[in-house]
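Residue 78 in the working numbering sits at position 63 of the sequence shown, with consecutive numbering throughout.
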Amino acid sequence: MENEGFWSTQRFKHINMYRDHVIIMDKLINRVVTVYFKPPNKTYCDACSTGDCEHVVYALTMSKVSKILKGKGFKIDNEQIENNLEEFMLKLSSRRIHT
């Protein structure tokens with residue numbers, strides 16, 4: 016399995032990737048999450064019932080996943096991912112301060 020950098024010892028763990036979805040373990044909610052992809056740029060997370068959450072960001076930031084998706088015509092908006100990642104990091108840091 017590829018090195019996941021920041022995420023490797025954190026909340027998420029990449030379990031597997033299939034033709035149109037990725038399976039992730041979210042240790043915080045103790046649940047297996049499925050993120051679905053539909054070209055050109057539709058995403059959906061079954062845990063959050065949205066296409067714009069930290070599970071989607073995590074899935075799209077994995078180089079292995081993004082390369083495969085781009086090869087299938089999926090358009091990844093790197094700016095949107097970076098903004099969502101920054102927002103997620105702010106939420107994470109505020110949780111640490113308040114807990």
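Beta carbons: idealized from backbone N, C-alpha and C, even for Gly.
Since this is a predicted model, take the numbers as computed values, not measurements.
C-alpha distance - residue i paired with residue j, whole-angstrom precision
| i | j | result |
| --- | --- | --- |
| GLN25 | THR49 | 18 Å |
| PRO54 | ASP61 | 17 Å |
| THR65 | TYR59 | 5 Å |
| VAL47 | LYS87 | 25 Å |
| ASP41 | THR76 | 15 Å |
| ILE44 | SER78 | 24 Å |
| ILE30 | HIS70 | 13 Å |
Other residues of its chain near residue i: CB distance less than 8 Å, five sequence neighbours each side excluded
| i | result |
| --- | --- |
| HIS113 | Summary for HIS113: the model assigns pLDDT 45, below 50, so the residue's position carries little reliability, and this model does not support an answer. |
| LYS82 | none |
| ASP35 | TYR51, PHE52 and LYS53 |
Host beta strand (DSSP E) of residue i (start-end)
| i | result |
| --- | --- |
| ILE8 | For residue 8 there is no data in the structure shown, the boundaries of the chain being 16 and 114. |
| CYS60 | 57–60 |
| ILE30 | 27–32 |
Limits of the alpha helix (DSSP H) - the one that residue i falls within
| i | result |
| --- | --- |
| ILE83 | 78–86 |
Neighbourhood of residue i by C-beta, 7 Å cutoff - its chain only, sequence neighbours within 5 removed
| i | result |
| --- | --- |
| VAL80 | MET32, VAL37 and ALA74 |
| LYS90 | PRO55 and ASN56 |
| LYS85 | ILE91 |
| CYS68 | CYS60 |
| CYS63 | HIS70 |
Beta bridge counterpart(s) of residue i as assigned by DSSP
| i | result |
| --- | --- |
| ARG46 | ASP41 |
| TYR73 | DSSP output for TYR73 lists no bridge partner at all. |
Beta-carbon spacing of residue i, residue j below 7 Å
| i | j | result |
| --- | --- | --- |
| ILE39 | PHE27 | yes |
Contact with chain B by residue i, beta-carbon distance below 7 Å
| i | result |
| --- | --- |
| ASP35 | Of the chains in the structure shown, none is chain B; there is only one protein chain. |
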